[in-house]
Amino acid sequence: MRSRLDWHFLLVPLLVALPALTLAADLRRGIELYETRKYSAAAAELREVVRADPENVAARCHWGLALLELKEYSQAAEQFKQAEEQRSGSKPRVDQIKAGLAQARMGQEHYDEAQQLVDDALQTNPDSAEALFAQGKLQVHRKDYRAAAATLDRASERDPKNPYVHYYAGIAYSNLRRPDRMVNEFQLFLKLAPDAPEADKVKSLLRSAR
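Written out as structure tokens, the structure is:
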């Protein structure tokens, strides 16, 4: 039969580990909310993880991604900048952080800085799905549709489940007068993100293409 002292030594490690286990569960929940496009809830969950563990780089990056979707670009940029400063392990990768920061800078209309960040990310990892997406999005903004289509095709090969890869590819192909490719990309977008804010606009464009 165990004494009270024995139980004490068994319980102490569990009590010490409990906060870390709770934070890990909260991080997973925040990421799941982000991946199911519940961006406000994801941002709130991940903000609390960062408050409890300010050096949690994964939480900062996903919080930044959620803030991007909420168009809170200044706050998103701050999270990506801090994540880049704090990063010490292999995940998240440098190119992923730089690509996120590039999107935040695009939202702030700092396009030259965004381009430099994308260039840096692609130099670090030429096959980065995140950096290729950011590059394609920037090329669409600059109306370089031929380059955008090629870049976003590469991004789609690496991350076919990113709905906005297909959204911006659809815009590029629309401007290249390629209705076949436009329809395919927009249909993929609607399949992946049927409730996206851009869905009605895309449906209208598809109707006009028939």
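Here the working numbering = 1-based position in the sequence shown + 34.
No residue lacks a Cβ here, since even glycine has one placed at the ideal position from N, Cα and C.
Return no unless some Cβ of chain C is closer than 8 Å to the Cβ of alanine 58. Among the protein chains of the structure shown there is no chain C, as only one such chain exists.
Should alanine 183 and alanine 155 be called a contact, given that it needs their Cβ atoms to be closer than 8 Å? Between alanine 183 and alanine 155, the CB-CB gap reaches or exceeds 8 Å.
Please classify glutamate 103: does DSSP put it in a helix, a strand, or coil? helix
Pair every Cβ in the stretch 103 to 111 with every Cβ in the stretch 57 to 65, then say whether three or more of these pairs are closer than 8 Å. no
Ignoring anything shorter than 4 residues, give me the alpha helix (DSSP H) runs that lie fully in the stretch 103 to 154, in order along the chain. Counting only runs of 4 or more, we get 107 to 120, 128 to 141.
When the distance is taken between beta carbons, is glutamate 89 closer than 8 Å to aspartate 60? no
Could you check if threonine 185 is buried or exposed, using at least 16 other CB atoms within 10 Å of its CB as the buried criterion? buried
Can you find the residues in the same chain that come closer than 6 Å, C-beta to C-beta, to histidine 175, ignoring five residues on each side of it along the sequence? none
Span of the alpha helix (DSSP H) around serine 238: 233 to 243
How many Å lie between threonine 56 and glutamine 169 at the Cα? 37 Å
Any idea what DSSP makes of serine 162, helix, strand or coil? coil
For glycine 123, which residues of its own chain have a beta-carbon under 8 Å away from its beta-carbon, when the five flanking residues on both sides are left out? Val91
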